[in-house]
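Scroll down for the structure; my scribbles are underneath it.
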Amino acid sequence: MSAARYLRKLVLGETWSLPAGLALALVATALAERLAGPQGWWPAGGGFVLLALVLVALTASLAGALKRR
Amino acid sequence: MAFTLTLVGAALAVGLELLEALAIVLAVGLTRRFRDAVLGAAAAALVLTLLALVLGPLLIARVPLEPLRLVIGVGLLLFGLEWLRKGVLRLAGRRSPSSSFREFVDEREALEELPAPAPGTADWAARAIAFKGVLLEGIEVILIVTVLAARPGGLAPAMIGSALALLAVLAVGYRLRAPLQRIPETHLKYVVGIVLSAFGVFFAAEGLGASWPFDDLALAYIALIVLAVSQAQVAVLTRGERRQAKAVP
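Protein chains in written order, with numbering that gives the first Met the number 0: chain A, 0 to 68; chain B, 0 to 248.
Right, dumping it as structure tokens:
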């Protein structure tokens with residue numbers, strides 16, 4: 000395995016779906032923060048938005064395994 | 000709560016990675032010569048120490064606190080979610096269980112095919128294999144411990160957890176092969192995945208300006224939520240596996 004490939008596997012893992020899902024979750028969370036504004040519901044509820052999106056990303060990365068034998 | 004979880008997370012993550020490195024060093028030592036295996040491992044440990052000395056202070060000194068929380072959170076999520084994904088697949092029977100003993104056997108079989116070194120000469124093949132094995136497993140250890148230690152108050156528990164793990168792995172190494180077979184690595188790696196993911200969500204959310212009800216105690220309920228969801232995923236995947244097995248005549 001080349002050094003670059005090893006480093007990619009080390010940091011991003013074995014699949015692209017999980018880091019891509021995590022990136023989408025973070026972008027969506029940042030957008031939600033902008034929409035909510037600093038004085039809105041964000042400080043109290045923002046963490047739960049991120050938690051839910053991260054768990055969706057994890058579930059999506061496992062979806063392929065359900066189809067495979 | 001944060002102290003205990005950091006200590007447990009660091010100890011488990013470091014211990015499991017070191018166990019894999021130990022399996023490679025043992026395979027080299029038992030198949031070739033222990034002196035060369037230890038020399039290769041020691042050289043890798045030296046490189047890793049230098050890496051840790053550069054990476055930690057660089058991360059803490061150069062990145063301001065708020066973005067640092069986000070960086071730490073994302074780093075922990077990348078590692079934690081990957082360990083968790085593999086853990087769910089292993090518990091559901093969709094991936095072979097994690098086993099340092101199997102790694103030890105595979106490495107030993109590969110080494111037996113190499114020609115033996117002449118007596119009195121350095122065994123560079125053995126040194127290189129031990130060096131590479133320890134270096135590759137060690138880099139993951141350095142990255143995980145650095146992000147755990149970089150958060151406020153994280154240095155002490157991360158260091159204590161790592162030291163405990165090092166002592167435990169050395170004790171396992173002293174007793175050689177048998178304990179490698181008895182360690183429930185699949186379940187321990189799954190737990191590490193939950194702990195690192197909980198820390199990751201906690202810090203990434205704080206880095207994005209959110210605060211958690213009950214402060215540090217949030218780590219416990221985030222971990223419980225991640226545990227519940229991942230157990231549901233294991234159940235769904237296990238049911239799917241059984242259904243597919245029945246469908247195949």
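C-beta atoms are modelled at their ideal positions from N, C-alpha and C, and glycine is treated no differently. These numbers were taken from a predicted model, which means no experiment stands behind them.
Item, Value
"Close-in-space but distant-in-sequence residues of the same chain around B:Gly119 (CB under 7 angstroms, 5 per side omitted)", "none"
"Residues, ordered as in the chain, of the stretch 23–38 of chain A that lie near chain D by beta-carbon distance below 8 angstroms", "This model lacks chain D altogether, as its protein chains are A and B."
"Endpoints, the alpha helix (DSSP H) within which A:Pro18 is located", "16–35"
"Neighbour-count burial assignment, B:Gln230, 16 or more Cβ in a 10 Å radius", "exposed"
"Proximity of B:Leu110 and B:Arg31 at Cβ, strictly below 8 angstroms", "yes"
"Length of the line joining the Cα atoms of B:Phe198 and B:Trp211", "12 angstroms"
"Whether B:Val200 touches B:Leu76 by CB criterion (8 angstroms)", "yes"
"Between the CA atoms of B:Leu6 and B:Pro183 - distance to the nearest angstrom", "19 angstroms"
"Spatial distance of B:Arg93 from A:Ala64 (CA atoms)", "7 angstroms"
"Inter-residue Cα distance where the pair is B:Ile128 and B:Leu25", "11 angstroms"
"Segment contact flag, the stretch 41–55 of chain A with the stretch 130–148 of chain B, C-beta cutoff 8 angstroms, min 3 pairs", "no"
"Minimum Cβ-Cβ distance from B:Trp211 to chain A less than 8 angstroms", "yes"
"Alpha-carbon to alpha-carbon, B:Pro151 and B:Ile221", "19 angstroms"
"Cβ-Cβ distance between B:Gly55 and B:Ala203 below 8 angstroms", "no"
"Anticipated Cβ contact below 8 angstroms, B:Ile141 with B:Ala51, distance rounded", "5 angstroms"
"Contact under 8 angstroms by Cβ, B:Glu205 with B:Arg61", "no"
"Cβ of B:Ala219 within 8 angstroms of any chain A Cβ", "no"
"Under the three-state DSSP convention, the category B:Ser196 falls into", "helix"
"N-terminal and C-terminal residue of the alpha helix (DSSP H) that B:Ser229 is part of", "217–246"
"Own chain partners of B:Glu65 with C-beta closer than 7 angstroms, once the 5 adjacent residues on each side are dropped", "Gly206"
"Spatial neighbours of B:Glu106 in its chain, beta-carbon cut-off 6 angstroms, leaving aside the 5 residues before and after", "Ile23, Ala26"
"For A:Leu59, the three-state DSSP class (helix, strand or coil)", "For the sequence presented, residue 59 of chain A should be read as Ala rather than Leu. Reduced to three states, the DSSP call for A:Ala59 is helix."
"C-beta neighbour in chain A for B:Arg93, strict 8 angstroms", "yes"
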